[in-house]
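Participant: Before I ask anything, here is the structure I am working with.
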Amino acid sequence: EVQLVESGGGLVQPGGSLRLSCAASGFTFNTYTMNWVRQAPGKGLEWLSYMSSSSRVINYADSVKGRFTISRDNAKNSLYLQMNSLRAEDTAVYYCARDSPWGGTLDSWGQGILVTVSS
Amino acid sequence: HSALTQPASVSGSPGQSITISCTGTSSDFGTFNYVSWYQQHPGKAPKLMIYEVTNRPSGVSNRFSGSKSGNTASLTISGLQAEDEADYYCSSYTGSIYVFGTGTKVTVL
């Protein structure tokens, strides 16, 4: 069974940093592109970033480009999101999501982790 | 890319069929057919219901079906059931980014 478990969320002050982790199990992690998606309270889904299985292909949404950095450690079956210069509008539930083997579809999601940016 | 446009809410009685639209531009959908639909119950993670416009993952009821015409994709739920009450999001992969729809709240009357 595919499992994705996010951790590292919490309360952070504006301008601060936070690193989210996503622990993957139940599939061959090093063969899948992985993504981060977020959802602000009461709002819709917003795709943030993806990283290919080899880490060679990376892309970001304009809203986080230059502030957030995606990374992965295939030896640890883990995906990360380093978030810097956090703003109040970054307050959201953050999900990691697996790309389908053929691409273009987010076929499995973690349960999400809440990040609150507030003073 | 702006969010794909969905109706804010759609409702129907048990047993009825409803259709949710998802409208974008040609650049939103790209040259691929990577349109997906996700169901999200309150406080839960999104769940994949339809991928590549018309395909259902294993375990998803055949009451859910997808289609696309031009720059509008659609999700139809037939034989509406109480458990279908949830938020639904469309998504498109453009070849470089994912774009989500604005979301539709489905209410079962």
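If you read the sequences in order, they're chains A and B. The first sequence begins at 434 in my numbering and counts up one residue at a time. The second sequence begins at -10 in my numbering and counts up one residue at a time. Ideal Cβ positions, reconstructed from N, Cα and C, are used throughout, including at glycine. The structure presented is a predicted model; accordingly, all values stated were derived computationally and were not measured.
Using a C-beta cutoff of 8 Å, does B:Y82 count as contacting chain A?
Facilitator: Under the Cβ distance rule, B:Y82 counts among the residues neighbouring chain A, one pair being separated by less than 8 Å.
Participant: Which residues in chain B have a C-beta closer than 7 Å to the C-beta of A:A494? List them in chain order.
Facilitator: By Cβ distance, chain B contributes I86.
Participant: Got a sec? Which residues, its chain only, sit under 7 Å from A:S518 by beta carbon, not counting five neighbours each side?
Facilitator: G448 and R500
Participant: Tell me the DSSP secondary structure of B:E74 in three-state form.
Facilitator: Of the three classes helix, strand and coil, the one that applies to B:E74 here is coil, per DSSP.
Participant: Evaluate A:E415 with the Cβ neighbour count: other Cβ atoms within 10 Å of its Cβ, from every protein chain shown; 16 or more gives buried, anything less gives exposed.
Facilitator: There is simply no residue 415 of chain A to check, as chain A begins at 434 and stops at 552 in what is shown.
Participant: So which of B:Y27, B:T65, B:S85 and B:V95 has the shortest CA-CA distance to B:A75?
Facilitator: B:V95
Participant: Quick one: Cα of A:G442 to Cα of A:N463, how far?
Facilitator: 24 Å
Participant: So if I threshold CB-CB distances at 8 Å, which residues from the segment 502 to 514 of chain A count as touching chain B?
Facilitator: none
Participant: Tell me A:L519's beta-bridge partners as DSSP assigns them.
Facilitator: According to DSSP, which records beta bridges pairwise, A:L519 is partnered with nothing at all.
Participant: Relative to the alpha-carbon of A:E479, which residue among B:N51, B:A(-8), B:L98 and B:T83 has its alpha-carbon at the smallest distance?
Facilitator: That would be B:A(-8), whose Cα lies nearest to the Cα of A:E479.
Participant: Would you kindly work out how many angstroms separate the C-alpha atoms of B:C79 and B:Q5, rounded to a whole number?
Facilitator: 21 Å
Participant: In chain B, what lies closer than 7 Å to A:Q544 by C-beta?
Facilitator: A34
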